[in-house]
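What follows is a single structure, written as structure tokens, with notes after it.
In mature numbering (1 follows the signal peptide of the UniProt record, and there is no 0), the protein residues as written are -20 to -1, 1 to 238.
See below:
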């Protein structure tokens, strides 16, 4: 971003826009039923808390701030939460690992990272392998970093309107693009953007992840490039792109496990 662009962006910012929404699809539409076989729902005590992504038959990727200390489960093959199709699969979570945990770690950093989005990424080990089918399949990891301007898909069961409302029963999808991290840095001056994060959205607003979409994937070219981390409040406001964990930067760490 050039100096002129930065100055124009700063002058447009208003204090009321610079608020974090740590749980946070506005401006999207219902996902096609068979287009998200990797999308999973995290449950805590049988209640929906976050989205997640299936990486292989035994591992799931989500955000560290989705960590819960109680009865975590992951449900796969879900579209309409109120209308089961019969081929969904439910698994218990038997291990949660957050950066910089290493295999063999006995004291996970996940409880700490739940309140610090600096490394907002978490791997979850399932108690039994899932069986792939039409509605359950893994999403590939990135083989390169996503270039600026790349259009990507966001998806999840989060809020679809800014007003207070119940979460939708079906996942919504929307297209956004990768922006220069400087835009998010100026939107959230209390946060230090690094290569560990991606900034994505549209400066005019209208499309964004929102409450309930946390932990879900940012899908670019058929690969997971980001994990929903945080953004502005209310969601989808102008000049408040979303912040996503940059999966590419954590590949070496993830491969120690999966």
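Using N, Cα and C, we set each Cβ at its ideal position, and we do this for glycine too.
Source: prediction; values computed, not measured.
Review point. What does a CB cutoff of less than 6 Å around residue 232 pick up in its chain, not counting 5 residues either side in sequence?
Key: none
Practice item. Determine the contact status of residue 70 and residue 24, defining contact as a CB-CB distance below 8 Å. Key: no
Review point. How big is the Cα-Cα spacing for residue 225 and residue 102?
Key: 10 Å
Check your understanding: For the region 207 to 225 against the region 174 to 189, are there 3 or more C-beta pairs whose distance is under 8 Å?
Key -> yes
Check your understanding: residue 165 lies in the alpha helix (DSSP H); which residues open and close that run?
Key -> 161 to 167
Practice item. Under 8 Å by Cβ, that's how I've got residue 104 and residue 58 pegged, so tell me the actual separation to the nearest angstrom. Key: That belief does not hold up - the Cβ atoms of residue 104 and residue 58 are roughly 16 Å apart, past 8 Å.
Review point. Candidates 165, 199, 76, 65: which alpha carbon is nearest residue 50's?
Key: 76
Practice item. For residue 94, count neighbouring Cβ atoms within 10 angstroms of its own Cβ and tell me buried if that reaches 16, exposed if not. Key: buried
Exercise for review: Hey, could you find the ends of the alpha helix (DSSP H) residue 228 is sitting in?
Suggested key: Residue 228 -> no alpha helix (DSSP H), and no H or E assigned at all.
Practice item. Give me the Cα-Cα distance between residue 97 and residue 112, rounded to the nearest whole angstrom. Key: 32 Å
Review point. Would residue 183 be called buried (16 or more neighbouring beta carbons within 10 Å of its own) or exposed?
Key: exposed
Practice item. Give the DSSP-derived three-state secondary structure of residue 102 in the structure shown. Key: strand
Review point. Taking the DSSP output, what are the residues bridged to residue 113?
Key: 116
Exercise for review: Take every Cβ of the region 150 to 166, pair it with every Cβ of the region 130 to 139, and state whether three or more of those distances are shorter than 8 Å.
Suggested key: yes
Exercise for review: Give me whichever residues DSSP pairs with residue 200 in a beta bridge.
Suggested key: 203
Check your understanding: Are at least three pairs of beta-carbons, each pair with one atom in the region 197 to 213 and one in the region 114 to 129, less than 8 Å apart?
Key -> yes
**Study point:** Environment of residue 116 [buried if 16+ CB atoms lie within 10 Å]
**Key:** buried
Review point. If we call anything under 8 Å between Cβ atoms a contact, is residue 42 one with residue 195?
Key: yes
**Study point:** Under the three-state DSSP convention, the category residue 237 falls into
**Key:** coil
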